[in-house]
Amino acid sequence: MDFPQLQAALTHRGLPAYRFRQVYSCATRGLAMDYSEMTELPAVLRRTLAAEAPLRELEQAERQDSADGTIKLRFATADGFPLESVAMRHAGRRTVCVSSQSGCPLACTFCATGDMGLGRNLRAGEIAEQVLVLARILRDAGERVSNVVLMGMGEPFLNYDAVLEACRLLNDPDGFGLGARRIAISTAGWVPGIERLASEPLQVKLALSLHAPTDELRRQLMPVARRYPLPVLMEACRGYRASTGRRVFVEYLLLDGVNDSDTHAAQLAELLGDDGFHVNLIAYNPTGAGYRGSPPERVAGFASVLAAHGLEASYRRSHGADIKAACGQLASDGVRELRRARRQARAGV
Ligand code: SAH
């Protein structure tokens, strides 16, 4: 999936430019998993490329299938860092949720990945490859990826360049060809990333994990709030709205007795105002961190206070909880691998 490396290998052999386009198209549009599937290439070239510019960088360590059709893949990078990706099947949609980092440094107190610490940033090829592998699995079942969300492990804006490069690759009409509006980047509130995205030509969607309407509460849940308090964060979101004309999708996790009272809902409505935001209420998936999800009647109560303030909210149902593939549950079992990979990286292995 390192296309520059592939191009270099081809140019080095003096091969014509159409060879690169052929391989690129087979790998992205054709979802080939291996050079051996590219039968239009001469066999010798297929073997050479497999040795010099491997098509796949990630090793698939495990696949789990949920009763609701959700598929979770656990991967390891070539240097041993764990990551996970999920495909969800909603009524008419097939949403693929991918990781931008192995682990995450932001340490949100309710999140399993936050508990692991950071392994390393993923490269653009490693991010896009997660989508292509799941797209192939879905295609073999007669289905197509309709949406990609960067809501797996990691904070995308701490790996901005690779994330945007992966998005451009997935969007390329000569390749995978997924519409930019079908790609969403989710941030815990890393303001410099929001500001950069505001002036990005690629029209991807922005989701903000807010989870609290006041700085005092937000700081307890998300340490990143100490660095970027709400006035600064909201200013960045309004700037994004002003320069792109696009709404920000606010994610609000409902934690029983923590952030789910009527007062919190009213504060949230006040904070967001009546324009430029859409609220997704998210069911909390237990991770062992000691929080509980809000009961259904509290979710309904919270949503009705928002509605009374003129704020539309949707409720995001949980998928794949039985295989620990639901929001925030990724790679809770990967801590050991991450530590090992980190040690090896330090030792220069
Ligand atoms: N770092 C980015 C993207 C990855 S997290 C971000 O914070 O947005 C994707 C979403 O899952 C975030 O909204 C995050 O707050 C949420 N999440 C984390 N742990 C969760 C859990 N246990 N249950 C439900 N959602 C969770």
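Numbering (numbering that gives the first Met the number 0) for the sequence shown: 0 to 348.
All residues carry an ideal CB built from backbone N, CA and C; glycine is no exception.
- If you draw a straight line from the Cα of Ala183 to the Cα of Arg45, it is about 35 Å long.
- Within a 10 Å sphere around the beta-carbon of Gln59 sit fewer than 16 other beta-carbons, which makes this residue exposed.
- DSSP places Phe175 outside both helix and strand once states are collapsed to three, so it counts as coil.
- Taking the Cα of Gly113 as reference, the smallest distance to any Cα among Ala86, Arg240, Gln100 is reached at Gln100.
- Residue state for Asp259 is assigned as coil, using DSSP reduced to three classes.
- Comparing alpha-carbon positions, the option among Ala241, Leu280, Arg240, Gln63 lying closest to Leu209 turns out to be Leu280.
- Under the DSSP definition of a beta bridge, Leu254 partners with Gly292.
- Taking C-beta separations shorter than 6 Å and ignoring five residues to either side along the sequence, the partners of Arg62 in its chain run Leu72, following chain order.
- Pro155 has its CB nearer than 7 Å to a heavy atom of the ligand SAH.
- When rounded, the separation of the alpha-carbon atoms in Leu48 and Met32 is 13 Å.
- Counting C-beta atoms within 10 angstroms of its own C-beta, Leu201 has fewer than 16 neighbours from the protein chains shown and is therefore classed as exposed.
- Taking 8 Å as the upper bound for CB-CB distance, Pro294 and Asp255 are in contact here, some 7 Å apart.
- CA-to-CA, the gap between Leu157 and Gly192 works out to about 8 Å.
- Per DSSP, reduced to three states, the secondary structure at Leu30 is coil, with no helix or strand assignment.
- Distances from the alpha-carbon of Gly292 to those of Thr94, Pro155, Glu39, Cys110 put Cys110 closest.
- The Cβ atoms of Val22 and Val95 do not sit closer than 8 Å to each other.
- When the beta-carbon positions are compared, Ala312 and His318 stay at least 8 Å from each other.
- Rounded to whole angstroms, Ala340 and Ser260 show a C-alpha spacing of 42 Å.
- The beta carbon of Arg138 sits closer than 7 Å to those of Leu30, all from its chain and outside the five residues before and after it, given in chain order.
- For the set Arg237, Gln343, Glu194, Arg28, the Cα lying nearest the Cα of Val132 is the one of Arg28.
- Counting along the chain, Glu83 sits inside the beta strand (DSSP E) bounded by residues 81 to 88.
- For the pair of segments examined, the stretch 333 to 347 was found to touch the stretch 76 to 86: the number of CB pairs separated by less than 8 Å reaches three.
- The C-beta of His263 has 16 or more other C-beta atoms within 10 Å across all chains shown, which makes the residue buried.
- Of the candidates Arg55, Gly327, Ala161, Gly68, Gly327 places its Cα closest to the Cα of Gly287.
- Under DSSP, Val95 forms a beta bridge with Ala86, Val147.
- Gly174 is a Cβ neighbour of Leu168, given a cutoff of 8 Å.
- Taking every protein chain shown into account, the CB of Gly309 has fewer than 16 other CB atoms within 10 angstroms, so this residue is exposed.
- Taking non-hydrogen atoms of the ligand SAH into account, the C-beta of Met150 is found less than 7 Å away from one of them.
- In this structure, Arg226 lies away from Lys204, with their beta-carbon atoms at least 8 Å apart.
- Asn258 is the residue among Leu149, Pro155, Asn258 whose C-alpha sits nearest the C-alpha of Leu220.
- For Glu125, the enclosing alpha helix (DSSP H) covers residues 123 to 139.
- In the three-state scheme derived from DSSP, where H, G and I count as helix and E and B as strand, Ser101 is classed as strand.
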